[in-house]
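Everything on this sheet refers to the single structure shown next.
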Amino acid sequence: MIVHPIHFSHNPEFKINLETDQIILRGSPEESAGVILRGTVSLTCKEHTKLKAVTLKFLGKTHVNWSDEVSGHQRHHKEERILIEHEWSFLPPTRKTYQLAEGHYEWDFELPLPSNLPETVDHDLGKVSYQLKAVAERPAFSMNYVDRRPVQVTRLVLPSTMELSQTILISNVWTDKLIYDVSLPRRIYSPDNVIPVTFEFSPLSSDLRIRSVACFLKEYTTFTTGEYHKTEGRVIKHLRDDHFPMPTTGRWTKTELLRIPAVESRHVKFDTTAGDLIKIKHKLKFTVSLINADGHVSELRAAIPIVIAAVAPEEDVNALPAYEDAWKSVPYDPSILSDLLASGGLSNASSQAEAEEHGDVLPWMGMDLTRVPSYSTAVRSSRLYSFSGPSLPTYDSLSLSGKVA
Numbered sequence: 008m009i010v011h012p013i014h015f016s017h018n019p020e021f022k023i024n025l026e027t028d029q030i031i032l033r034g035s036p037e038e039s040a041g042v043i044l045r046g047t048v049s050l051t052c053k054e055h056t057k058l059k060a061v062t063l064k065f066l067g068k069t070h071v072n073w074s075d076e077v078s079g080h081q082r083h084h085k086e087e088r089i090l091i092e093h094e095w096s097f098l099p100p101t102r103k104t105y106q107l108a109e110g111h112y113e114w115d116f117e118l119p120l121p122s123n124l125p126e127t128v129d130h131d132l133g134k135v136s137y138q139l140k141a142v143a144e145r146p147a148f149s150m151n152y153v154d155r156r157p158v159q160v161t162r163l164v165l166p167s168t169m170e171l172s173q174t175i176l177i178s179n180v181w182t183d184k185l186i187y188d189v190s191l192p193r194r195i196y197s198p199d200n201v202i203p204v205t206f207e208f209s210p211l212s213s214d215l216r217i218r219s220v221a222c223f224l225k226e227y228t229t230f231t232t233g234e235y236h237k238t239e240g241r242v243i244k245h246l247r248d249d250h251f252p253m254p255t256t257g258r259w260t261k262t263e264l265l266r267i268p269a270v271e272s273r274h275v276k277f278d279t280t281a282g283d284l285i286k287i288k289h290k291l292k293f294t295v296s297l298i299n300a301d302g303h304v305s306e307l308r309a310a311i312p313i314v315i316a317a318v319a320p321e322e323d324v325n326a327l328p329a330y331e332d333a334w335k336s337v338p339y340d341p342s343i344l345s346d347l348l349a350s351g352g353l354s355n356a357s358s359q360a361e362a363e364e365h366g367d368v369l370p371w372m373g374m375d376l377t378r379v380p381s382y383s384t385a386v387r388s389s390r391l392y393s394f395s396g397p398s399l400p401t402y403d404s405l406s407l408s409g410k411v412a
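Just so we're aligned, residue 8 is where the sequence shown starts under this note's numbering, counting upward by one.
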């Protein structure tokens with residue numbers, strides 16, 4: 008019996024590399040300037056490799072899927088939509104194969120993302136997800152090289168938003184027995200924040216007593232397919248206070264502190280501002296138990312809509328953007344971003360192979376010499392660099408007019 012040795016090939020390293028996989032949109036869809044998704048696809052061949060094509064696809068989609076029971080019958084609801092789709096072809100498919108020598112290869116990519124993209128959502132009944140998928144297609148009978156990279160889309164509320172500084176107050180008279188005020192210092196809060204809820208009760212009947220006050224932070228997720236809707240509510244935090252002794256002034260005033268769960272606990276989701284199939288909202292609900300003169304217990308119920316969102320640091324908003332980030336101050340316009348890409352104001356996607364040459368490390372190696380450094384970078388640097396050429400537009404032309412010079 009003749010035994011033939013099996014030769015294992017050295018699989019190359021095929022990866023998607025991103026500047027960041029956390030895409031942050033600053034402000035509402037109307038306020039945001041959009042953002043650029045940037046990265047590279049890298050291939051390290053440890054031996055001579057044959058490929059038919061190298062492609063990359065960015066796909067954002069939303070889908071909902073649930074069942075309802077109507078008159079004893081199950082009704083299934085399902086819908087899926089493509090939010091954004093883009094494909095790059097770094098090595099276009101051909102009849103012949105590409106012969107890649109041993110070495111390292113990189114293909115740059117970038118994509119302007121619009122300001123109205125829905126935020127990432129992960130729920131049992133629906134999702135909003137974004138993913139990059141790179142494929143290095145190999146000849147027949149050989150397994151393709153594939154890499155996937157999820158991308159998280161988050162939206163930050165700007166510090167200038169009025170709801171961050173406006174006090175919320177509800178005031179009413181309950182069944183001619185009690186005047187009540189419930190107030191919050193603002194409407195928008197972030198995970199791990201403490202919400203101070205101030206209650207003021209003025210009884211119109213001297214025999215009325217407060218038994219307890221309960222606060223509930225509820226999250227509502229609404230799923231939509233056509234004319235059908237389904238809303239799921241859940242309590243993500245609650246507290247109860249049973250200590251309300253009779254006041255000497257004839258009026259109860261008390262502030263309850265409700266802490267929102269931290270985002271790391273995954274027990275709270277941000278409010279959504281874009282998207283039609285999935286919407287997430289929050290309400291702060293109150294139940295006040297009252298004991299009447301005859302011992303009968305009554306309940307006063309109220310609710311205040313609030314927003315749970317991440318808030319952009321104020322210094323990030325007030326800081327002068329670096330030259331390469333000047334496009335962020337321009338309202339999102341696909342034609343403007345296309346002009347920037349075409350003019351060189353934003354680096355174009357390209358492919359390159361790194362040669363394995365050994366020599367002295369020069370000061371500019373590893374730098375993108377087509378970009379002017381930001382002011383703060385230039386001040387910190389101990390070297391002087393000179394850039395020339397007509398390919399770069401002026402800073403003012405980007406930040407003031409929003410057009411390419």
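Yeah, the Cβ is synthetic: ideal placement off N, Cα and C, and Gly gets one too. In this text, all values refer to a predicted model and were calculated from it rather than measured experimentally.
Helix, strand or coil, according to DSSP, for residue i in the structure here?
i    : result
S74  : strand
N325 : Here N325 scores only 49 on pLDDT, less than 50, and its place in the model should not be relied on; the value that follows carries that caveat. If DSSP states are grouped into helix, strand and coil, N325 belongs with the helices.
S178 : strand
V275 : coil
L265 : strand
E170 : helix
H250 : coil
Taking DSSP's pairing of strands, which residues face residue i in a bridge?
i    : result
D154 : A141
F293 : C222, A309
H80  : V77
I23  : V48
S209 : I186
K68  : I89, S136
K288 : Y227
F148 : Beta-bridge pairing links F148 to no other residue.
L32  : R162
D129 : K134
T56  : L107
I315 : Y196
P100 : Looking at the DSSP assignment, P100 forms no beta bridge with any residue, so it has no partner.
R241 : E226
R216 : I298
How should residue i be labelled, buried or exposed, when 16 other C-beta atoms within 10 angstroms of its C-beta is the threshold for buried?
i    : result
A310 : exposed
I177 : exposed
T279 : buried
V71  : buried
G79  : exposed
P210 : buried
K7   : Nothing can be reported for residue 7, as the shown portion of the chain is limited to 8 through 412.
H245 : exposed
I315 : buried
G67  : buried
A281 : buried
E226 : buried
P252 : exposed
V201 : exposed
G46  : buried
I89  : exposed
T256 : exposed
P157 : exposed
State yes or no: is the beta carbon of residue i nearer than 8 Å to at least one beta carbon in chain C?
i    : result
M169 : Among the chains of the structure shown, chain C does not appear; only one protein chain is present.
Comparing alpha-carbon positions, which option in the options lies nearest residue i?
i    : options                : result
D129 : L98, M253, I285        : I285
L265 : F65, R247, S272        : R247
T51  : F21, K57, T69, I267    : F21
H236 : G67, P125, K85         : K85
A319 : P312, T161, L297, F206 : T161
E170 : G46, E126, N179, P192  : P192
F206 : V220, S213, R216, N200 : V220
A293 : K276, E263, L215       : Note that residue 293 corresponds to Phe in the displayed sequence, not to Ala. Ranking K276, E263, L215 by Cα distance to F293 puts E263 first.
S272 : I243, D283, K261, V295 : I243
L139 : S212, D28, L107        : D28
L215 : R102, R88, L63, L297   : L297
F208 : Y137, R82, P268, V295  : V295
K288 : N299, D249, R241, P268 : R241
R33  : P125, G257, S212       : P125
E144 : F65, A317, V61         : V61
R308 : I31, K290, E109        : K290
* Asked: Is there contact here, the stretch 183–193 with the stretch 158–165, by at least three beta-carbon pairs under 8 Å?
  -> These segments do not touch.
* To do: Please determine if the stretch 294–305 and the stretch 148–158 are in contact, where contact requires at least 3 C-beta pairs separated by less than 8 Å.
  => No: fewer than three Cβ pairs fall under 8 Å.
* Asked: If you pair each beta-carbon of the stretch 129–144 with each one of the stretch 224–241, do three or more pairs fall below 8 Å?
  -> The stretch 129–144 makes contact with the stretch 224–241; the number of CB pairs closer than 8 Å reaches 3 or more.
* Touch test, the stretch 26–45 against the stretch 111–122, Cβ-Cβ under 8 Å, three pairs minimum -> yes
* Count the C-beta pairs between the stretch 94–107 and the stretch 194–212 that are closer than 8 Å, then say yes if the count reaches three, no if not. => no
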